[in-house]
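Visitor:
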Amino acid sequence: MCSLLRGHDIPCILKAENQYAVDATYTIGPLARRRILVCESDVVRAREILQAAPLFDSAPEE
-15 MCSLLRGHDI PCILKAENQY AVDATYTIGP LARRRILVCE SDVVRAREIL QAAPLFDSAP
45 EE
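Per the working numbering, the sequence shown starts with residue -15, numbered consecutively.
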């Protein structure tokens, strides 16, 4: 996925990848965007995974 973004000159940082989804940060325009890119056929399974183990951008506050 990141090679596809880079092929279109879109900077990309890959955070995680598995057979269902790619968690990447990419920039289009002035803002960085974080997206989880999923094949349409895997959307249901990806949602199940995200609900079971939510992603955190920063450490939890104490």
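For each residue, glycine too, the CB sits at the ideal point set by N, CA and C.
All of these numbers come straight from a predicted model, not from anything done at the bench.
CA-CA distance, Ser25 and His(-8)?
Guide: One C-alpha to the other measures close to 24 Å.
Visitor: When you compare each of Ala36, Gln35, Cys(-14) and Gln3 to Cys23 by their alpha carbons, which one comes out closest?
Guide: Selected option, being the one with the closest Cα: Gln3.
Visitor: Give the secondary structure of Ser42 by DSSP, where H, G and I count as helix, E and B as strand, and everything else as coil.
Guide: Bear in mind that the predicted position of Ser42 carries a pLDDT of just 48, short of 50, making it unreliable; the figure below should be weighed with that in mind. DSSP places Ser42 in coil when its eight states are reduced to three.
Visitor: Are any of the Cβ atoms in chain D nearer than 9 Å to that of Ala8?
Guide: Of the chains in the structure shown, none is chain D; there is only one protein chain.
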